[in-house]
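Student: Residue numbers (mature numbering (1 follows the signal peptide of the UniProt record, and there is no 0)): -21 to -1, 1 to 554.
(1) Starting from residue 529, follow the alpha helix (DSSP H) in both directions and report where the run begins and ends.
(2) Restricting to Cα atoms, I'd like to know which of 472, 215, 512 and 347 is closest to residue 487.
(3) For residue 403, does the count of other Cβ atoms within 10 angstroms reach 16, so buried, or fall short, so exposed?
(4) Near residue -4, which residues of its chain fall below 8 Å by C-beta distance, leaving aside the five closest residues on each side in sequence?
(5) Would you grab the beta carbon distance between residue 341 and residue 354 for me? Rounded to a whole angstrom, and I think it's under 8 Å.
(6) Whole-angstrom Cβ separation of residue 136 and residue 185, contact assumed at under 8 Å?
(7) Quick check on the DSSP output: the alpha helix (DSSP H) that includes residue 485 runs from which residue to which?
(8) Measure from the alpha carbon of residue 71 to the alpha carbon of each residue in 27, 107 and 45, then state which is nearest.
(9) Between which two residues does the beta strand (DSSP E) holding residue 262 run?
(10) Taking the CB atoms as reference points, tell me whether residue 502 and residue 520 lie closer together than 8 Å.
(11) Spatial neighbours of residue 431 within its chain, please: C-beta separation below 7 Å, excluding the five flanking residues on both sides.
(12) Could you tell me which of 39, 61 and 19 sits nearest to residue 31, measuring between CA atoms?
(13) Helix, strand or coil for residue 554, going by three-state DSSP, please let me know.
(14) Just to check my reading of the structure: residue 192 and residue 127 have Cβ atoms closer than 8 Å, yes? What is that Cβ distance to the nearest angstrom?
(15) Could you name the residues of the same chain whose beta carbon sits closer than 8 Å to that of residue 458, not counting the 5 residues immediately before and after it, in chain order?
(16) Identify, in the order they occur along the chain, each residue of the same chain with its Cβ nearer than 6 Å to the Cβ of residue 65, setting aside the five sequence neighbours on each side.
(17) Kindly indicate if chain B contains any beta-carbon less than 8 Å away from that of residue 229.
(18) Assuming residue 307 and residue 509 make a contact with CB atoms under 8 Å, what is their CB distance in whole Å?
(19) Buried or exposed for residue 379, please, with buried defined as at least 16 other CB atoms from any protein chain shown within 10 angstroms of its CB.
(20) Out of 244, 329, 324 and 309, which has the shortest C-alpha to C-alpha gap to residue 293?
(21) Whether or not the segment 212 to 229 and the segment 264 to 272 are in contact is what I'm after, with contact meaning three or more pairs of Cβ atoms, one per stretch, closer than 8 Å; do they touch?
(22) Under 8 Å Cβ to Cβ from residue 441, same chain only, skipping five residues before and after it: list those, please.
(23) Suppose only complete runs of 4+ residues qualify. What are the alpha helix (DSSP H) ranges in the segment 464 to 526, listed by chain order?
(24) Measure the CB-CB distance between residue 147 and residue 141 and report whether it falls below 8 Å.
(25) For the candidate residues 415, 130, 225 and 235, whose alpha-carbon lies nearest to that of residue 287?
(26) Which residues in the same chain have their Cβ closer than 8 Å to the Cβ of residue 333, if we skip the five residues on either side of it in sequence?
(27) Please tell me whether residue 336 and residue 543 are closer than 8 Å, where the distance is taken between their beta carbons.
(28) Just list the alpha helix (DSSP H) runs in the segment 311 to 339, keeping only unbroken ones of 4 residues or longer that don't cross its boundaries, in chain order.
(29) Considering only C-alpha positions, which residue in the set 298, 290, 552 and 259 is nearest to residue 270?
(30) Compute the Euclidean distance between the alpha carbons of residue 405 and residue 118, then round it to the nearest angstrom.
(31) Less than 8 Å between the beta carbons of residue 78 and residue 23, yes or no?
(32) Can you tell me whether residue 167 is buried or exposed? The criterion is at least 16 other CB atoms within 10 Å of its CB, across all chains shown.
(33) Using the Cα positions of residue 139 and residue 162, report the straight-line distance between them to the nearest angstrom.
(34) Which of helix, strand or coil does DSSP assign to residue 462?
(35) For residue 106, which residues from the same chain have a beta carbon less than 6 Å from its beta carbon, with the 5 sequence-adjacent residues on both sides left out?
(36) Hey, quick one: how far does the beta strand (DSSP E) through residue 219 stretch, first residue to last?
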């Protein structure tokens, strides 16, 4: 029984040893030591010879091969990194003689020799001409060090060694542009850590005192992503899109950004970079067929790490009670609407300066082609349109500047929507100029889809403006600009012009998309486009700025041929 117990103890001991052997061991840092310079020559009058020690820990000094010398002594035989050892050398009037020494740090060694000669010795001198410390960024690169020289015969014998491996002496030294100067080129690796780091370079030349240069490298900036848009987003019950605006550090790439939702009805589309240091995340959401509202959380991530959340609340489908709010709409394909030959009836209310809001309901007929479709305004003054530069359903605001181009036409500023107009679906769009905040905003179905500062050279907004260009008069229209070839194809309803900057809350108020009080403060023009008959679109504000509806004719887009005519279509809104 005792033998069995003993065997068991041995086996357990072996198992324990085996387990310990499998535990990972952190490799010890290798011992390091170097001296600069590695050799000195002293003339016949004797004197001192110095060298500076760089080591990973404490060091010791002794004569090589156990020899002893009666003509040279060191002021210390041990020390720490960075210390200088001074050797006293006796005068010499005889033959040359050499003393060899060994500096040791753990297992590492560095040799140092001193030669005593009866001849006269000229001591080379190195002086740092460029700045120290050298400051570099966190990315990899190169820098140069410039030296002033004295009694240096061959610059190619200049040597350099850094305390750390991330700095390297990349090529032999070369003569500088000025006499008795030299240039040394160094490379450095990228710093992938957020902490800054520092090292020293020791530059040496035979029999010269070394020069030490400090190098300081900044740490890699920590990744920063901050949500700058609203963190509580409200959307309509119908399907649509919303966006989340970000402020990012320079190291952020689009491919690493993702948006995770805790529900299936929200989908992350992708991210676009805007101005430097900004990005916009785009999301889509499905329609809510239930009468109850629903809510979801969207998490912003970068390389799997969370950087914030956004709450999205979607309204429930309204329970339709009674008659629809809109039963007629104006068909715009091949039609337009504008003021009469004498201009607006009430011209003063159509002057806005830098504050105006425009909104409307539109439904594009079928898929978009590559043509421009004009919805509201005047060419090179104030215009809402889609399809510029082949962007099809992408819509934009174009407004005039005081400056003119080569042709004498007013230059333009543009603000583009980040999302497209849907095909064959009613959508509410709004443009808001807010002089107080110097901001112009674009909204689609109540959600912000574009923003920019108002250009400082903006031409005062005046819907009375008209001018002659392209062989025809350019003036305010619904569904037309420039010529007959840029009409809007589809239905239009609830066109409103305000002399104030509408807020997002006002735009998203109950049933605001479909109707407002004609006597609302700041409402200066209100074409409901529900007249249902005739060729006039009534201004419901009482300002009397009715529109005349025209049917466009002619195959030549540059023509201005039309006749009285209108087409009214039965609709039921909200759908």
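Glycine included, each C-beta is placed from N, C-alpha and C at the ideal position.
Tutor: In terms of the structure at hand:
(1) Working through the chain shown from its first residue, we reach residue 529 at position 550. Note, residue 529: premise wrong, no alpha helix (DSSP H); beta strand (DSSP E) at 526 to 532.
(2) Taking the chain shown and counting its residues from 1, one reaches residue 487 at position 508. If we check each option's Cα against that of residue 487, 215 comes out closest.
(3) As a working mapping, residue 403 is identified with position 424 in the chain shown. Answer is exposed; the Cβ neighbour count stays below 16.
(4) Within the chain shown, residue -4 is the residue found at index 18, counting from 1. With a pLDDT of 47 at residue -4, under the threshold of 50, the modelled position of that residue is not reliable, and the figure given next carries that caveat. Excluding sequence neighbours, residue -4 sits near nothing in its chain.
(5) Along the chain shown, read from residue 1 onward, the residue named residue 341 stands at position 362. Along the chain shown, read from residue 1 onward, the residue named residue 354 stands at position 375. Their Cβ separation, rounded to whole angstroms, is 6 Å, which keeps residue 341 and residue 354 in contact under 8 Å.
(6) By one-based count along the chain shown, residue 136 stands at place 157. By one-based count along the chain shown, residue 185 stands at place 206. With a Cβ gap of about 6 Å, residue 136 and residue 185 count as contacting.
(7) Against the chain shown, residue 485 aligns to sequence position 506. It spans 483 to 486 - the alpha helix (DSSP H) in which residue 485 sits, taken as one unbroken run.
(8) By 1-based counting over the chain shown, the position of residue 71 is 92. With distances taken between Cα atoms, residue 71 lies closest to 27.
(9) Locating residue 262 in the chain shown gives position 283, counting from the first residue. Where residue 262 is concerned, the enclosing beta strand (DSSP E) stretches over 257 to 264.
(10) Here the question's residue 502 lines up with position 523 in the chain shown. Here the question's residue 520 lines up with position 541 in the chain shown. In contact: residue 502 and residue 520 (Cβ atoms closer than 8 Å).
(11) Taking the first residue of the chain shown as position 1, residue 431 is located at position 452. The residues are 394 and 419.
(12) Residue numbering aside, residue 31 sits at position 52 when the chain shown is read from its first letter. If we check each option's Cα against that of residue 31, 61 comes out closest.
(13) Residue numbering aside, residue 554 sits at position 575 when the chain shown is read from its first letter. DSSP places residue 554 in coil when its eight states are reduced to three.
(14) Residue numbering aside, residue 192 sits at position 213 when the chain shown is read from its first letter. Residue numbering aside, residue 127 sits at position 148 when the chain shown is read from its first letter. About 13 Å separates the two Cβ atoms, so there is no contact after all.
(15) The count along the chain shown starts at 1 and reaches residue 458 at position 479. Cβ neighbours of residue 458 beyond the five flanking positions: 311, 314, 315, 316, 353, 354, 466, 467 and 471.
(16) Locating residue 65 in the chain shown gives position 86, where the first residue counts as 1. Excluding sequence neighbours, residue 65 sits near 27, 29 and 54.
(17) Reference to chain B is not applicable here, since this structure consists of a single protein chain.
(18) Residue numbering aside, residue 307 sits at position 328 when the chain shown is read from its first letter. Residue numbering aside, residue 509 sits at position 530 when the chain shown is read from its first letter. Contact holds; Cβ gap of about 4 Å.
(19) Looking up residue 379 in the chain shown gives position 400. Under this definition residue 379 is a buried residue.
(20) Position 314 of the chain shown, counted from the start, is the residue given in the question as residue 293. The candidate whose alpha carbon is nearest that of residue 293 is 244.
(21) yes
(22) Residue numbering aside, residue 441 sits at position 462 when the chain shown is read from its first letter. Excluding residues within five positions, the ones whose Cβ falls inside 8 Å are 329, 330, 331 and 360.
(23) 483 to 486
(24) On the chain shown, residue 147 is found 168 positions in, with the first residue counted as 1. On the chain shown, residue 141 is found 162 positions in, with the first residue counted as 1. Yes, the Cβ-Cβ distance between residue 147 and residue 141 is below 8 Å.
(25) In the chain shown, residue 287 corresponds to position 308, counting from 1. For residue 287, the nearest C-alpha among the options comes from 225.
(26) By one-based count along the chain shown, residue 333 stands at place 354. So the list reads 412, 414, 433, 437, 439 and 440, once near-sequence residues are dropped.
(27) Position 357 of the chain shown holds residue 336. Position 564 of the chain shown holds residue 543. Taking 8 Å as the Cβ cut-off, residue 336 and residue 543 do not qualify as a contacting pair.
(28) none
(29) Taking the chain shown and counting its residues from 1, the one referred to as residue 270 is at position 291. That would be 298, whose Cα lies nearest to the Cα of residue 270.
(30) The count along the chain shown starts at 1 and reaches residue 405 at position 426. The count along the chain shown starts at 1 and reaches residue 118 at position 139. Each residue's Cα considered, the two are about 51 Å apart.
(31) Indexing the chain shown from 1 puts residue 78 at position 99. Indexing the chain shown from 1 puts residue 23 at position 44. Against a cut-off of 8 Å, the Cβ pair of residue 23 and residue 78 comes out as no contact.
(32) In the chain shown, counting from the first residue as 1, residue 167 sits at position 188. Flag for residue 167 reads buried.
(33) In the chain shown, residue 139 corresponds to position 160, counting from 1. In the chain shown, residue 162 corresponds to position 183, counting from 1. Answer to the nearest angstrom: the Cα atoms are 12 Å apart.
(34) The residue given as residue 462 occupies position 483 in the chain shown. Residue state, collapsed to three classes: strand.
(35) One-based indexing of the chain shown puts residue 106 at position 127. These residues qualify, in order along the chain: 127.
(36) Residue 219 sits at position 240 when you count from the first residue of the chain shown. Per DSSP, residue 219 belongs to the beta strand (DSSP E) from 219 to 227.
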